[in-house]
Amino acid sequence: MSNSLYERLGGTEGITRISSDIVDNHLTNPSVSPRFQNMKMSPDELKNAAATFFITGTGGPEVYQGKDMVGAHKGMNISAVEFMAVLDDALAALAKNNIGQREQEEVLFVLYSMREQILLT
Ligand code: HEM
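Counting along the sequence shown from 1, when you hit position 110 you're at 110 in the numbering used here, and nothing is skipped either side.
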């Protein structure tokens, strides 16, 4: 595979759109929406953090400078069900943006690998 995942997701423009859709999905998904009501950051700031994180993690040019995944979710007591709901939201956003199955699988695998850092810490 010659192209980076970053390129195959549509570069900075595509990933910015996907990240915005993921956060919008969280805000309307009843399984997790209460978590996003009283955040320290605004939804737009979260979209921006998510996009930068994603761009950095898929081989793009940005360098994410936010918290690491343990630090970002510490003390939230996130459940396995909530974690799955966030993965559902991510997959729905990828499908909405016409991302292919292979790329969806790659993103899902990377997100799933962060499970232990995010759950019940
Ligand atoms: C692999 C899955 C996940 C990834 C990659 C991820 C990624 C991120 C990132 C990059 C931030 C911004 C951190 C910062 O810059 O300070 C963030 C914040 C946040 N995440 Fe996650 N997250 C994931 C799962 C979850 C889950 C399952 C929940 C809860 C249902 C959740 C709830 C939140 C909340 C509420 C914030 C904002 C915290 C605040 O500012 O008050 N995340 N996440």
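C-beta atoms are modelled at their ideal positions from N, C-alpha and C, and glycine is treated no differently. Computed from a prediction, not measured in an experiment: that's the story for all the values here.
Determine the DSSP secondary structure at Lys-74, reduced to helix, strand or coil.
By one-based count along the sequence shown, residue 74 stands at place 74. If DSSP states are grouped into helix, strand and coil, Lys-74 belongs with coil.
At least three beta-carbon pairs within less than 8 Å, the region 38–51 to the region 14–23:
yes
I'd like the list of long-range same chain contacts for Gln-117, defined as Cβ closer than 8 Å, with 5 residues on each side in sequence excluded.
Sequence index remark: in the sequence shown, residue 117 carries index 117 (1-based). Asp-68, Met-69, Val-70, His-73.
So the candidates are Gln-65, Ala-92, Asn-98, Leu-91; which of them puts its Cα closest to the Cα of Glu-45?
As a position in the sequence shown, residue 45 is number 45, starting the count at 1. Nearest of Gln-65, Ala-92, Asn-98, Leu-91 to Glu-45, Cα basis: Gln-65.
Taking contact to mean at least 3 C-beta pairs separated by less than 8 Å, is the region 83–91 in contact with the region 37–44?
no
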